[in-house]
Amino acid sequence: MPDLPSAFLPLLLLSKLVSPVTFRHHRYDDLVRTLYKVHNQCPDITRLYNIGRSVKGRYLYVLEFSDHPGIHEPLEPEVKYVGNMHGNEVLGRELLLQLSEFLCEEFRNQNQRILRLIQNTRIHILPSMNPDGYEVAAAQGPETSGYLVGRNNANGVDLNRNFPDLNTYFYYNEKYGGPNHHLPLPDNWKSQVEPETRAVIQWIRSLNFVLSANLHGGAVVANYPYDKSLEHRFRSPHHRTSNSPTPDDQLFQTLAKVYSYAHGWMHQGWNCGDYFPDGITNGASWYSLSKGMQDFNYLHTNCFEITLELSCDKFPRQEELHREWLGNQEALIQFLEQVHQGIKGMVLDENSNNLMGAVISVTGINHDVTSGEHGDYFRLLLPGTYTVTAKAPGYDPKTVTVTVGPAGPTLQNFQLNRSKSQVYPVQKAPGRAQGNRPKQPREPRKKGLETKRHRGPA
0 MPDLPSAFLP
10 LLLLSKLVSP
20 VTFRHHRYDD
30 LVRTLYKVHN
40 QCPDITRLYN
50 IGRSVKGRYL
60 YVLEFSDHPG
70 IHEPLEPEVK
80 YVGNMHGNEV
90 LGRELLLQLS
100 EFLCEEFRNQ
110 NQRILRLIQN
120 TRIHILPSMN
130 PDGYEVAAAQ
140 GPETSGYLVG
150 RNNANGVDLN
160 RNFPDLNTYF
170 YYNEKYGGPN
180 HHLPLPDNWK
190 SQVEPETRAV
200 IQWIRSLNFV
210 LSANLHGGAV
220 VANYPYDKSL
230 EHRFRSPHHR
240 TSNSPTPDDQ
250 LFQTLAKVYS
260 YAHGWMHQGW
270 NCGDYFPDGI
280 TNGASWYSLS
290 KGMQDFNYLH
300 TNCFEITLEL
310 SCDKFPRQEE
320 LHREWLGNQE
330 ALIQFLEQVH
340 QGIKGMVLDE
350 NSNNLMGAVI
360 SVTGINHDVT
370 SGEHGDYFRL
380 LLPGTYTVTA
390 KAPGYDPKTV
400 TVTVGPAGPT
410 LQNFQLNRSK
420 SQVYPVQKAP
430 GRAQGNRPKQ
440 PREPRKKGLE
450 TKRHRGPA
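According to numbering that gives the first Met the number 0, the sequence shown holds residues 0 to 457 in order.
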């Protein structure tokens, strides 16, 4: 990924003069200075990089926290937070800046919980996916009534309706047979999405993310996939929405409840004029959304993502930010810690070489994950006993019984032997960025045109 542009290098020198993150709104230049400041204060555990540019050329900055920044350590999971996807939904942006400051400060203070988190996790924080939209919304300010001003990017596109539609492909495969994970992208996908969307897709294809949350505003609820219903109906007096669970529905509900119950008031259910039991909802049960980011993560990569709606006001007043931080601080940390559950391990061949792209299947859950380029895999699971199979082309599959406890991930390595009947080269999972991908099957023809509609906050 691109290094930091030389134009902003002077900000690194100036960052020592920048005061600690305060509870105020940060325009783009302020955001950049703040990220540089945190990196300068904690250079041994942070890396600041960008994944691309917005339509207007603003860099999409990511701040990484790790005990070995810039390096994937085998068996150490990758997790990410994405904020400000809609430019006028700004609380997530401010919370992620505050979280960055908090992680750095508490690490320096030898907070044992934060030390363990950073030593055992690689955390990536993208405070603003839509910096162009934010600047439009910020120029208007929170006092005016333009509810949607700044929501879209500079081309007028809603970035959470801009990812390739893999749900239709999955529903087809579920009915007629086909892969249940790492669904392929159309050959021309890059020309069909916005620069910000393209940058995020390339980012999540380049790292083996395990867990993610996308921070929004306009409601207070933890929303989990699928966002798109099979019928793709919209909330209206004449149409009922329908629950659209993933094969990992219980796991997603648990992840959503972790955030909701650690949050100051989300779990109470009554917020912003809506009621959500336990403060959580299935996305399609609330309203159906096509081409969203959380469904894309689940269907194209190993990453499990939920969407966090964090404030009734999309652009809360500055004096409300401190209260919002206090309400979200514990939840933000607890959610990161959830990446350490289920099973993980190495997939090796008979000579102890790493096998990339090996498929890990759990009996009874129709969603597989794959091993990364270092041969390690991560499979989030709730406590229980599972039958797990590892397989790779050209190798005999291996099946084991694994018990997952509540205290942390169970280590389960696999060593696969070459098949004596047929020998094929190991193929890399389609969702990985490195190397060439095998030719992908054509996406099934869709019936009719999908209706576009503003669905509210997400």
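Glycine included, each C-beta is placed from N, C-alpha and C at the ideal position.
Excluding five sequence positions before and after Q191, the CB atoms of its chain that fall closer than 8 Å to its own CB belong to P163, P185, given in chain order. Bounds of the beta strand (DSSP E) holding D375 are 375-378. Of the candidates G51, R46, V78, R46 places its Cα closest to the Cα of G69.
The alpha-carbon of R112 is positioned some 20 Å away from that of P42. With fewer than 16 other Cβ atoms inside 10 Å of its own Cβ, R23 counts as exposed. Around the beta carbon of P405, a 10 Å sphere encloses fewer than 16 other beta carbons of the protein chains shown; the residue is thus reported as exposed. For R46, the uninterrupted beta strand (DSSP E) segment begins and ends at 45-52. Secondary structure note for L59: its beta strand (DSSP E) is the uninterrupted segment 58-64. Between the alpha carbons of N108 and N49 lies a gap of roughly 28 Å. Contact check for D348 and L410: beta-carbon distance about 19 Å, past the 8 Å limit, so the pair fails to qualify. By the neighbour-count criterion, in which a residue is buried when 16 or more other Cβ atoms sit within 10 angstroms of its Cβ, G272 is exposed. For E77, the uninterrupted beta strand (DSSP E) run begins and ends at 77-82, by DSSP.
Between the beta-carbon of R160 and that of S127 there is about 18 Å, and that puts the pair past the 8 Å contact cut. A direct Cα-to-Cα measurement between H123 and S211 gives close to 9 Å. Each residue's CA atom was taken as its position, placing V361 and D367 some 7 Å apart. DSSP places M345 within a strand segment (E or B) once states are collapsed to three.
A straight-line Cα-Cα distance of about 43 Å links N222 and R417. Look at K397 here: in three-state DSSP terms it is strand. Secondary structure at D273: strand, using DSSP grouped into helix, strand and coil. DSSP, read as helix, strand or coil, puts L102 in helix.
Apart from sequence neighbours up to five positions away, the residues of its chain that approach N412 with a beta-carbon distance below 8 Å are G344, M345, V346, L347, ordered along the chain. Per the C-alpha coordinates, the member of L125, I364, T120, P194 positioned closest to Y385 is I364. Pairing N166 with G176, the inter-Cα distance amounts to about 14 Å. Counting only the Cα atoms, V401 lies some 51 Å from A137. In terms of CA proximity to D131, L158 leads the group Q118, E105, G371, L158. Separation of L381 and L96 (C-alpha to C-alpha, rounded to the nearest whole angstrom) is 31 Å. By a beta-carbon distance limit of 8 Å, P224 contacts Q293. Their separation comes to about 5 Å.
R115: member of the alpha helix (DSSP H) spanning 111-119, first to last residue. Among the bridge pairs identified by DSSP, Q414 is matched with L347.
In its chain, beyond the 5 residues on either side, D277, I279 have a beta carbon closer than 7 Å to the beta carbon of K256.
The continuous stretches of alpha helix (DSSP H) do not include H366, which lies in the beta strand (DSSP E) extending over residues 364-369. Its chain contains L98 as the residues whose beta carbon lies nearer than 6 Å to that of L331, once the 5 sequence neighbours on both sides are disregarded; these appear in chain order. Our two residues, M265 and Y258, have alpha carbons roughly 8 Å apart in a direct line. Per DSSP, reduced to three states, the secondary structure at L307 is strand. Shortest Cα-Cα distance from E104 to any of T120, G51, Q40, G407 involves Q40. In the DSSP assignment, N222 falls within the unbroken beta strand (DSSP E) covering 218-223.
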